[in-house]
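Asks: This is the structure I want to talk about, given as structure tokens.
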Amino acid sequence: MSDELKVSKQIFFELLSLSPIDIHSLQKLAHKGIPNDSHLRPTIWKLLLGYLPRDRRKWKEFKRIKKEKYAKLKCYLINDLQSSMELTKVDSITYDTIIRKKKKIEIQEKQEKQEKQEKQEKQKEQENKEDKSNKKTHETTKISIASFVNWPKKIKKKLKKLELAILKDLSRTKLLIQFKKNNSDQKQFELIQRSMFNILFIFSRIHQISYVQGMNDILSIIYFTFRMDRKDQKTKEKEEDTLSLEVDSFFCFKIFMDKFEDLFTPILDNSKQGLKTLTQKIDKLLSKIDHEVYFHLQNLNIRPDFYLTNWLTTMFVHTFPQNRVLRVWDSLIASKEKMIFLKTFSVSLVIKIRERLLQDGFLDTMHLLQNYPIIGMDEIIQKSRQICKIMGHNQKDKINLLKEKVELVGVNRIDEIEKLQRKKIRNKRKKNEKEQKFKQNLKRKFKKQQEQESKLILLTLKRIQKENSQFKL
1 MSDELKVSKQ IFFELLSLSP IDIHSLQKLA HKGIPNDSHL RPTIWKLLLG YLPRDRRKWK
61 EFKRIKKEKY AKLKCYLIND LQSSMELTKV DSITYDTIIR KKKKIEIQEK QEKQEKQEKQ
121 EKQKEQENKE DKSNKKTHET TKISIASFVN WPKKIKKKLK KLELAILKDL SRTKLLIQFK
181 KNNSDQKQFE LIQRSMFNIL FIFSRIHQIS YVQGMNDILS IIYFTFRMDR KDQKTKEKEE
241 DTLSLEVDSF FCFKIFMDKF EDLFTPILDN SKQGLKTLTQ KIDKLLSKID HEVYFHLQNL
301 NIRPDFYLTN WLTTMFVHTF PQNRVLRVWD SLIASKEKMI FLKTFSVSLV IKIRERLLQD
361 GFLDTMHLLQ NYPIIGMDEI IQKSRQICKI MGHNQKDKIN LLKEKVELVG VNRIDEIEKL
421 QRKKIRNKRK KNEKEQKFKQ NLKRKFKKQQ EQESKLILLT LKRIQKENSQ FKL
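Encoded structure:
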């Protein structure tokens, strides 16, 4: 371990030992990257997300309260639910067992339907014998009861769809697949899968955005990062501590998703913070920072959503290996303006591979953007900081702005700065000339119209005078 890493670790531990913890200083340090320590990153993420209180003395009681809240949610939304999962009775979750149970429930529902139809037919026969006056009141009560009876069935169907959707995505989750390959302990794998299912299922039932594909990948980063804090514990302690891992992961996942709610709501795609609007903003920022790459992508008919949708909906989980994803998330979670970080970081990713992009055609460019090369994250994050400076730059300070743009794109010649300046000056002159010409043309037209109108008025007056003189005679 290098001395620099030791020092950085020591600084982090010193900050965490304070009470109350200085969140502002912690944000600054975390943005530069958190050392790969099994205890540091989970604790810092929880603090920066606003989950843990700043006072360390309150943590124990805080966690106890959160455990109780989560236990109630779990009891109400999962344990009491008569669904195909039967999570309280089954020790493991697999996709095959769910399908089998689903089929059994479907057969039971069909039998119940047949029995109810028979009962309804008998009821109708009895109703026909009754008086007409009683019929109306009976029918109204029957409709209300029928609608009440059918209501839970609709919910059950939705819940079954939700369960299957979550399980399908969990079976394809990158970090879960990696864990299964590297670990022979099937029980441990099933325990993690079950725990992640619980979190996603409960979240989708209490949150307005429900479940959307990509949430499984986001949760996997949070869950496996927090799990690192408990890796060195004994097996008995692990079993006892599984609930606290699930609780922490659930509440931090909820906080994280609340911050990016609009990105996962299809109805709000065109809103200010929606996914479609964000991709357009990133594309616009790219055009300002590196117009050459921007026009190249446009000429190839590569829309920003072709590559940005996958980056943003999974928060770069599929874009990089796990260790690099953690580095990106350190800066993302530490950022006060998280949407701005997403914009600047996405643009810096494109700029970093600009030379290769400019050489490639449509297929190679798409492959490169969708299968991003393994590059050091610190350099890309540094570029995103530079872009952030350019975004907040004062319009008056144009020379420094141009210098920063040139430095960012990787051109080191002063000639380029002068060329860019000249182009801007020429464009402004052309605009001013066009505006002046336009104004002059308008004035001329207006004068002509006035002259024509005055001539017409004179002619009409002369005609009127002639007519009047003739009439007098």
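Counting with full-length UniProt numbering, you get residues 1 to 473 for the letters of the sequence shown.
Glycine is no exception: its CB is placed at the ideal position from the N, C-alpha and C atoms.
If residue 390 sits next to residue 373, beta carbons under 8 Å apart, how far is it from one beta carbon to the other, in whole angstroms?
Replies: The pair is not a contact, with the Cβ atoms about 25 Å apart (cut-off 8 Å).
Asks: Can you give the Cα-Cα distance for residue 34 and residue 41, rounded to whole angstroms?
Replies: Looking at the two C-alpha atoms, the distance is approximately 6 Å.
Asks: May I have a chain-ordered list of the beta strand (DSSP E) segments no shorter than 3 residues that lie completely inside the region 177-224?
Replies: Complete beta strand (DSSP E) runs here, min 3: none at all.
Asks: Using the Cβ count rule (16 or more neighbours within 10 Å means buried), how would you classify residue 321?
Replies: Exposed: under 16 other Cβ atoms inside 10 Å.
Asks: How far does the alpha helix (DSSP H) with residue 310 in it extend, from its first residue to its last?
Replies: Here the alpha helix (DSSP H) through residue 310 covers 305-313.
Asks: Tell me whether residue 293 sits in a helix, a strand or coil according to DSSP, three-state version.
Replies: If DSSP states are grouped into helix, strand and coil, residue 293 belongs with the helices.
Asks: Under the rule that 16 or more other beta-carbon atoms within 10 Å means buried, what is residue 59, buried or exposed?
Replies: Residue 59 is exposed by the Cβ-count criterion.
Asks: Do residue 328 and residue 286 have their beta-carbon atoms positioned less than 7 Å apart in this structure?
Replies: Contact: no.
Asks: How long is the line joining the alpha carbons of residue 395 and residue 250, rounded to whole angstroms?
Replies: Bear in mind that a pLDDT of 44 at residue 395, under 50, signals an unreliable position, so the model cannot answer this.
Asks: Look at the alpha carbon of residue 212 and the alpha carbon of residue 157, and state the distance between them as a whole number of angstroms.
Replies: Using only the alpha carbons, I get a separation of about 17 Å.
Asks: What are the boundary residues of the alpha helix (DSSP H) that residue 341 is part of?
Replies: Taken as a continuous stretch (DSSP letters only), the alpha helix (DSSP H) holding residue 341 covers 338-352.
Asks: Please classify residue 217: is it buried, with 16 or more other beta-carbons within 10 angstroms of its beta-carbon, or exposed?
Replies: So residue 217 counts as buried.
Asks: If you draw a straight line from the C-alpha of residue 8 to the C-alpha of residue 326, how long is it?
Replies: Rounded to whole angstroms, residue 8 to residue 326 spans 17 Å at the Cα level.
Asks: According to DSSP, is residue 320 part of a helix, a strand, or is it coil?
Replies: If DSSP states are grouped into helix, strand and coil, residue 320 belongs with coil.
Asks: Which stretch, first to last residue, makes up the alpha helix (DSSP H) that contains residue 42?
Replies: From DSSP, the alpha helix (DSSP H) with residue 42 extends over 40-48.
Asks: Starting from residue 261 and walking both ways along the alpha helix (DSSP H), at which residues does that stretch end?
Replies: Counting along the chain, residue 261 falls outside any alpha helix (DSSP H), and DSSP gives it neither H nor E.
Asks: What does the alpha-carbon distance come out to for the pair residue 98 and residue 383?
Replies: With a pLDDT of 45 at residue 98, under the threshold of 50, the modelled position of this residue cannot be trusted; read the value that follows with caution. Going from the Cα of residue 98 to the Cα of residue 383 covers about 47 Å.
Asks: So residue 381 and residue 331 are in contact, right, with Cβ under 8 Å, and what is the actual spacing, rounded?
Replies: Correct: roughly 5 Å between the Cβ atoms.
Asks: Could you check the C-alpha separation between residue 22 and residue 52 for me, to the nearest Å?
Replies: Each residue's Cα considered, the two are about 13 Å apart.
Asks: Is residue 11 helix, strand or coil by DSSP?
Replies: If DSSP states are grouped into helix, strand and coil, residue 11 belongs with the helices.
Asks: Tell me whether residue 335 sits in a helix, a strand or coil according to DSSP, three-state version.
Replies: Reduced to three states, the DSSP call for residue 335 is coil.
Asks: Could you tell me the boundaries of the alpha helix (DSSP H) in which residue 51 lies?
Replies: First-last for residue 51: undefined, no H or E at that position.
Asks: Determine the closest residue to residue 561 out of 195, 24, 11, 15, with distance taken between C-alpha atoms.
Replies: Look at the range of the chain in this structure, 1 to 473, and you will see that residue 561 is not part of it.
Asks: Taking CB distances under 7 Å as the criterion, tell me whether residue 466 reaches chain C.
Replies: In the displayed structure, chain C is absent; only one protein chain is listed.
Asks: For the pair the region 204-211 and the region 181-196, tell me if three or more CB-CB distances fall below 8 Å.
Replies: The region 204-211 is not in contact with the region 181-196.
Asks: Please report the straight-line C-alpha distance between residue 165 and residue 117, rounded to a whole angstrom.
Replies: When rounded, the distance between both Cα atoms is 31 Å.
Asks: Look at the Cβ atom of residue 359, then the Cβ atom of residue 307, and state whether they are nearer than 7 Å.
Replies: Not closer than 7 Å, so no.
Asks: For the alpha helix (DSSP H) containing residue 75, list its first residue and its last residue.
Replies: From DSSP, residue 75 is part of no alpha helix (DSSP H); its letter is neither H nor E.
Asks: In or out: residue 220 buried (at least 16 other Cβ within 10 Å) or exposed?
Replies: Burial call: buried.
Asks: Looking at C-alpha atoms only, which residue of 15, 317, 13 is the closest neighbour of residue 173?
Replies: Comparing Cα-Cα distances from residue 173 to each of 15, 317, 13, the minimum goes to 317.
Asks: Are the Cβ atoms of residue 338 and residue 281 separated by less than 7 Å?
Replies: No, they are not a contact pair.
Asks: Under 7 Å Cβ to Cβ from residue 63, same chain only, skipping five residues before and after it: list those, please.
Replies: Correct list, in chain order: 244.
Asks: Please report how far the alpha carbon of residue 237 lies from the alpha carbon of residue 247, in whole angstroms.
Replies: At residue 237, the pLDDT of 49 sits below 50, so the modelled position is not reliable; the number obtained from the coordinates is stated separately. Taking the straight line from one Cα to the other gives about 16 Å.
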